[in-house]
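Please read the structure below before turning to the comments.
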Amino acid sequence: MRRTGRQNYVCWRCLNLRPAETALRRTLAPVTASLSAVTAPSLPSSAFRQPVRSVSLALRSSAQESRIREQLRQWEAENPSPTRIGLADDSPGSGIFNSMSRVRSERSFKLDLFSEDDDAASHSHFDGVDVVDLGLNGQVLDAGDLVEVSSGQLRIRLLAICLGKYNGHDHFYTNTGKWFTSRNFRSGFVVKRFIDDPAELQAVIDAIPSVSPSSTVLNELQDLNIGPSRDLAASLIRKMYAFQSAARLIHQTYVERLSRAQTRLGEDEKLMSLREIADVLLPASLKRSGTTFPPEALYAVYSVICQDDIAFEIMQRGARHHESYLVFVQSAFERTNVYQVEHLVRNFWEHRCGRGDTSAPQARAFSVFLDHARSVIDQARRDRAWSPHGMAGPSRSGGGADSEPFAIQTYPWSETGLMIIRFMQHWAASGGFPASSRCHWIGASILRALDRYENAMLDNTTGWTFLQEIGWIPPWDVSARHYLRLPELELDRHPNVSPGQADTPAITLEPDRLAHLRQDFARSTVYCIDSADTLDVDDGISLEEVGDGEYWVHIHVADPASRIRPGSEWAEHAAVRGQTSYLTGFYRRMFDHDDIREAFSLGPNQPTLTFSARVTEEGRLVDYKVTPRALRDVVYITPEDVSSVCGEAGSSDLSHQVLEVGTRPAAVTATARRMATAYELSRRQKTELKTLSRLANALQRARIENGAMPAFPPRPAAKVSLDDIVPLTTTDGSVHYRGDPYIRVSYQGQGSALVSSLMQLAGEVAARWCYERSIPIPYRVSLLAAQNADSLRAFTRDVFYPKLLAGETPPQEDFHTLMALVGGFDIASAPAPQVLMGLDLYTKVTSPLRRYPDLLVHWQIEAALLEEHRRGESLVTKASPGQPPNEKHARGAEKKKDVPSFLPFDKHHLEETVFPRMRVRERHGKLLDNNIGNNQWILQALVRAWRFGEGPSQIPRTFRFTASEILLRHSIRGRLDWFDLRAVVELEHMNDVILMAEVKPGDAFRVELVNVNVHANKVYVRLLEKIE
1 MRRTGRQNYV CWRCLNLRPA ETALRRTLAP VTASLSAVTA PSLPSSAFRQ PVRSVSLALR
61 SSAQESRIRE QLRQWEAENP SPTRIGLADD SPGSGIFNSM SRVRSERSFK LDLFSEDDDA
121 ASHSHFDGVD VVDLGLNGQV LDAGDLVEVS SGQLRIRLLA ICLGKYNGHD HFYTNTGKWF
181 TSRNFRSGFV VKRFIDDPAE LQAVIDAIPS VSPSSTVLNE LQDLNIGPSR DLAASLIRKM
241 YAFQSAARLI HQTYVERLSR AQTRLGEDEK LMSLREIADV LLPASLKRSG TTFPPEALYA
301 VYSVICQDDI AFEIMQRGAR HHESYLVFVQ SAFERTNVYQ VEHLVRNFWE HRCGRGDTSA
361 PQARAFSVFL DHARSVIDQA RRDRAWSPHG MAGPSRSGGG ADSEPFAIQT YPWSETGLMI
421 IRFMQHWAAS GGFPASSRCH WIGASILRAL DRYENAMLDN TTGWTFLQEI GWIPPWDVSA
481 RHYLRLPELE LDRHPNVSPG QADTPAITLE PDRLAHLRQD FARSTVYCID SADTLDVDDG
541 ISLEEVGDGE YWVHIHVADP ASRIRPGSEW AEHAAVRGQT SYLTGFYRRM FDHDDIREAF
601 SLGPNQPTLT FSARVTEEGR LVDYKVTPRA LRDVVYITPE DVSSVCGEAG SSDLSHQVLE
661 VGTRPAAVTA TARRMATAYE LSRRQKTELK TLSRLANALQ RARIENGAMP AFPPRPAAKV
721 SLDDIVPLTT TDGSVHYRGD PYIRVSYQGQ GSALVSSLMQ LAGEVAARWC YERSIPIPYR
781 VSLLAAQNAD SLRAFTRDVF YPKLLAGETP PQEDFHTLMA LVGGFDIASA PAPQVLMGLD
841 LYTKVTSPLR RYPDLLVHWQ IEAALLEEHR RGESLVTKAS PGQPPNEKHA RGAEKKKDVP
901 SFLPFDKHHL EETVFPRMRV RERHGKLLDN NIGNNQWILQ ALVRAWRFGE GPSQIPRTFR
961 FTASEILLRH SIRGRLDWFD LRAVVELEHM NDVILMAEVK PGDAFRVELV NVNVHANKVY
1021 VRLLEKIE
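Residue numbers (UniProt numbering): 1 to 1028.
Here's what the structure looks like:
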């Protein structure tokens, strides 16, 4: 709470510079007035002045003997006054802030808080095949880097200089003289090495009040405005001021160009880097040496982008590229629609208020839409109740062929209606505006005019429910699908009622360019281990015994790169989609044409690119090669049957928590292909699978000795069936449904250890093969693992890994420490160790039908194979890390290390164009499939069981809540002991159990549910008692 003092003070100028009688008469006027109010009825006027004279004499004497601070203390003691407590008018729960009419000073600056989704994203996605950084850290900051820090809710943007990272916290000093720290700092603009001389920073660094690892301690010090003085940091402040002034000068010089930024960037939506936008908006004469713009010019462009939240959205869930993140440039259609709806809504309300200069026809058109929407909503609520939980209620009529008839009588939306609905989709579903945007009033005003949400908060959660009630999106839609959508990627609002590919014309693929290199592989059985319903079978394994305890392990991978050329229509299609989406209920393939699946999915006579590794029984990699092949003998088998043959441990250690809502679907016996069972395998085939399992375990043990994670935290996963859904009315893109999805939530393991270990082996072989030939590919790297190797190994060995081996999920504090030491995970054209996988080099190559980065690596490798065949010699120039040089490497070292012009992607093009987009698409895809999207399905099941009575006994009455972070003393974040759900305790729900200031990370409480917001992906709980 904020305290506002009412204490009266005496100005030191009045005491020391003015004549005594005049000064005291003015400064003591409040005292005289108060005395007058008390004594006027009984005392003469002369009596009023006696106290003033006595005080006057006392103060005059004191002024001669004391300093001003002592006089002020004396004044406070002689004139006590109560302190008024003012209520803070912030609204942290809604996420929308009033930054237009509220006055805020830079001294009240607070960094933007991470949403719960971003907080969860700081926990990287770990599985048996890869480690993907879902966090917000794009690049590592160093001492001396200049960053912009912002508070979106207050529209304040400051410059700051990084002082370094200490105990997992980045420390900064702003141009306003404020010191602050952050554990998960994100900045939209960075200038590397802004301060080159470390000595210039040293005095400020030495004055940092604390480098404690405790966020609580650091936050307390920042609240007290303790930090290095402005005198110590004077040179830093002057340099930041000079930089800011130079950027403003450039802005003023080219204001005409910059003011029309959105119109100069084209009509279509797109992803662009800051440098690409600057190339369009600024003259090339500003570039240094004709190559790049100075940072001041880029900051001027960045400032223009930040000011226009209708035309631009900065993609902060991706990684920074050079100075800034990529920018989502909205289409001209979307921008125009926002402006038109804003004018329409303002016109409607002004017309209702009796303004004579407004357009009556526009107001009538808006009223027609309101009548239409009200009619649809009223009819929809006969089957589905409205709820405040960010989702419409379950269908009362049920689903299936035998359910009760239910229909909605409606007619097509008017042009004005479609315009308004598209705006509501952009606002409520796509999250098209930041929290401080003025445009939130438009959506709220539309909801108010509908007169159907009287007791609800008129925010974008209610807007989301409105879209469900009018049939614009399904009642079970996942909002993450919308706000994680990237440019050029069309979103199917009703994927389950879309027409199939019956009329889709066949596609023409290029001839196989590796046909003359492809070797027949008939000597061994290839085992394709995947689930029975998998459509795209893109990897298989086989074994070849060499002798002396050594084996060739072959990982055969589908080869679409041999017939799909870079830059072709299908190649661009794959680049835009990035990967197959496995979000349950909304499955979408990267290549969604059956002709591609039939041409490349593994099977007899199908082409492959085979990654072969010669390994020992101890898990040591001896040799490797990459060969185009054609398969002959292929066996399809499920991971469960492989585990039964090899004796792999099951998932008995997983939690048995289960939540089910909806009608369980009938068992499906049909499969996508003929699956072999464990009983049908020959003795030789069983022996080969057991040997492959033994080698896979040996390889994994070797990786663990090199620092790999020994186990992976189990994750809750939702499985969904839409079999019980019946679409009802379709008109102008609106669809209503009868019935609801079946949702089953349970913990899942990491799949087959054999498959995951050998897929990592294939990635290691590909990375080493490319490194030896100086081929740039998207290597998977840990940013700081090499420089923090000793600390990282000690922490993982002594703290983090023992908890994983004990079956525990490490607390958030441990994840923060781990990420601080690792520095995050990224892709790069030059290799670096992937420490948490125990590998010196790694890339992903085993799913080119489902992941664009894998396809790109195949293109690079196949171009090198063709070049080696053309030259008649190997392109090897060096040995890969950990491998002893041999004769091949010695011959290659004598060759001229020229730039490989035969490659479809050179290093510069990868780093400047391909990788930035690849990063953001991969992270958005993983967040949707494995994190936010999955969590929103779980919350839907929770709401249906808790609020709508679908098996309420499945929901515990109370939960164990473990605090992980205290946010500015207005809320507590933590985890429940039920499917590891994230939850929030707000100040009003402390329930007098404990003071907010006394809560520490790790404290455990007994709590009960208060609210669940599926759209916002939030669970709110109330404290009942402290446990420990």
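The C-beta atom is built at its ideal place from N, Cα and C for all residues, glycine as well.
Nearest to R485 by C-alpha distance, out of V329, A698 and D170, is V329. For the set H494, S395 and S437, the Cα lying nearest the Cα of V478 is the one of H494. Taken atom to atom, the span from the alpha-carbon of A766 to that of R614 is near 14 Å. Non-local beta-carbon contacts of Q379 in its own chain, meaning distances under 6 Å to residues more than five positions away in sequence, involve I408 in chain order.
For L841, the closest of L509, A785, P848 and R1006 by C-alpha to C-alpha distance is A785.
Going by beta carbons, V1019 and L939 fall inside the 9 Å limit.
Take L491, set aside five residues on each side of it, and the residues of its chain with a beta-carbon closer than 8 Å to its own are R481, H482 and R485, in chain order.
A distance of 9 Å or more separates the beta carbons of V920 and L418. Across the structure, C439 and D142 are spaced so that their CA atoms are roughly 37 Å apart. A contact between stretches requires three or more CB pairs, one per stretch, nearer than 8 Å, and the stretch 748-758 fails this requirement with the stretch 804-822. Residue environment: R597 is assigned as buried (16 or more neighbouring CB atoms within 10 Å of its CB, all protein chains considered). T608 is positioned such that its CB atom lies closer than 9 Å to that of V557. Here S791 carries a helix assignment [DSSP, helix/strand/coil]. Annotation: the stretch 214-281 contains the following complete segments of the alpha helix (DSSP H) (minimum length 4 residues), in chain order: 215-223, 234-253, 255-259, 261-264 and 274-281. Going by DSSP, G974 is part of no alpha helix (DSSP H) but of the beta strand (DSSP E) stretching over S971 to L976. V781 places its beta carbon less than 9 Å from that of A828.
In terms of Cβ geometry, P628 and L865 form a close pair [threshold 9 Å]. Just so you know, the alpha carbons of R374 and G739 end up roughly 22 Å apart. Within the stretch 903-941, no run of beta strand (DSSP E) reaches 3 residues while sitting entirely inside it. Inter-segment contact for the stretch 943-962 and the stretch 972-988 is present: three or more beta-carbon pairs are separated by less than 8 Å. Burial is judged here by how many other beta carbons sit within 10 angstroms of a residue's own beta carbon; A365 has at least 16 and is buried. In the three-state scheme derived from DSSP, where H, G and I count as helix and E and B as strand, W179 is classed as strand. In the structure shown, P198 falls within a helical segment according to DSSP collapsed to helix, strand and coil. Restricted to the stretch 438-474, the alpha helix (DSSP H) segments that are unbroken, complete and at least 4 residues in length are 440-450 and 460-469, listed in chain order.
Short of 6 Å from the beta carbon of S655, and not among the five residues preceding or following it, lie these beta carbons of its own chain, in chain order: Y747.
The straight-line gap separating the alpha-carbon atoms of D145 and M240 is approximately 11 Å. Where V376 is concerned, the enclosing alpha helix (DSSP H) starts and stops at A360 to A380. H989 and D223 have their C-alpha atoms roughly 24 Å apart.
DSSP places D520 within a strand segment (E or B) once states are collapsed to three.
Unbroken alpha helix (DSSP H) stretches of 4 residues or longer found wholly inside the stretch 848-882: 852-871, given in chain order.
H556 is bridged by DSSP to G540 and T610.
In this structure T263 is exposed. Its beta-carbon is surrounded by fewer than 16 other beta-carbon atoms within 10 angstroms. Two segments are said to touch when three or more pairs of C-beta atoms, one from each, lie closer than 8 Å; by this definition the stretch 581-591 touches the stretch 920-930. In the DSSP assignment, Y299 falls within the alpha helix (DSSP H) that extends over P295 to Q307. A check of alpha carbon separations from A247 across S387, T729 and Y302 identifies Y302 as the nearest.
With a threshold of 16 other beta carbon atoms within 10 Å, Q812 meets it and is buried.
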